[in-house]
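Read the structure below first, then the notes.
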Amino acid sequence: MTPTPPLDQSIVYKVNQLITADQFIELLAKTTLGERRPLNQPETIVGMLENSNLLITAWQGKQLVGVARSVTDFAFCCYLSDLAVDPHVQATGIGKALIRLTKEAVPDNCSLILLSAPQAVNYYPKIGFTEHPSAWMLTNIEDLK
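Sequential numbering of the sequence shown, starting at 4, is according to the working numbering.
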């Protein structure tokens, strides 16, 4: 596993700092993750934020530049649903810091689980994630047989 560099001192990280749907949408729209999120449905974005129970954010001054949004039981598993970093500050360690801070917020034996965006599929093994070959998704109830 590649060691995590020290946190960038110009970036401030916050745990469970509330953000607005507009702030989240603005950040997501800058990233490839925005292509797979309902940016034109602010009520859904609000629900995503309100029903997450672990939110790590990265700030450069007053600008939101990174988000790790998770749903967890704080015991067995933590689903890291969204990891987004502003392209202007990508490759500076912010994404890895958001992941590290997420993992530090849950017990050691709590697994961190995520579904990778296609563009990031090669990133996660480089930083220590193990591929799991049997993840499944159901988005449309009509597909249930």
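For glycine and all other residues, C-beta sits at the position ideal for the given N, C-alpha and C.
DSSP, reduced to helix, strand and coil, places T47 within a helical segment of the structure shown. L67 has its alpha-carbon roughly 13 angstroms from the corresponding atom of N19. Under the criterion of beta carbons closer than 8 angstroms, L115 and K129 do not qualify as touching, at roughly 15 angstroms.
Within the same chain, Cβ atoms closer than 7 angstroms to the Cβ of V15 are found at W62, the five residues on either side in sequence being excluded. In the structure shown, A78 adopts coil according to DSSP, grouped into three states. Here the alpha carbons of G37 and I28 stand approximately 8 angstroms from one another. The stretch 71-84 makes contact with the stretch 43-57, as at least three CB pairs between them are under 8 angstroms.
In the three-state DSSP reduction, K17 falls in the strand class (E or B).
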